[in-house]
C-alpha cells in the first residue's frame, strides 16, 4: 500500500516538474507587477517549436535554441501587449 502511494507521489512530481518551473517563473513576473496567465501556453509553443526544429534539422541543440527563442519572443509579445494595451 505504501509503495503504491510513494510511487504515485514520485510520478506526480516527475510529471509536474515543468509546470512547477513555469510557476516559479510566473512568481518572479508577478512580483514585478505583471500578471502573465499564458505561461503554460508559452511553454507549449516552445516545446512544439523545439521538437519541430530538432526533427527537421536532426540536432537537439538547434531544437533547444529554437524553443528558447520562441519562448522569449512569445513572452516579449505578451509583456508588450500587457504594458501598452493595459
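Numbering (the numbering used here), first residue to last: -19 to 66. Every residue, glycine too, gets a C-beta built ideally from N, C-alpha and C.
With respect to residue 43, residue 23 sits apart: the two C-beta atoms are not nearer than 9 Å.
Looking at the backbone, the Cα of residue -2 and that of residue 60 are separated by about 25 Å.
When the beta-carbon positions are compared, residue 34 and residue 46 come within less than 9 Å of each other. Residue 25 and residue 17 have their C-alpha atoms roughly 14 Å apart.
The closest CA to that of residue 31, considering only -16, 50, 5, 56, is found on 50. Residue 52 has its alpha-carbon roughly 20 Å from the corresponding atom of residue 39. Here residue -17 carries a helix assignment [DSSP, helix/strand/coil]. Residue 29 counts as buried, since no fewer than 16 other beta carbons sit within 10 angstroms of its beta carbon. Cβ-Cβ separation between residue 5 and residue 14: approximately 12 Å, too far for a contact (criterion under 8 Å).
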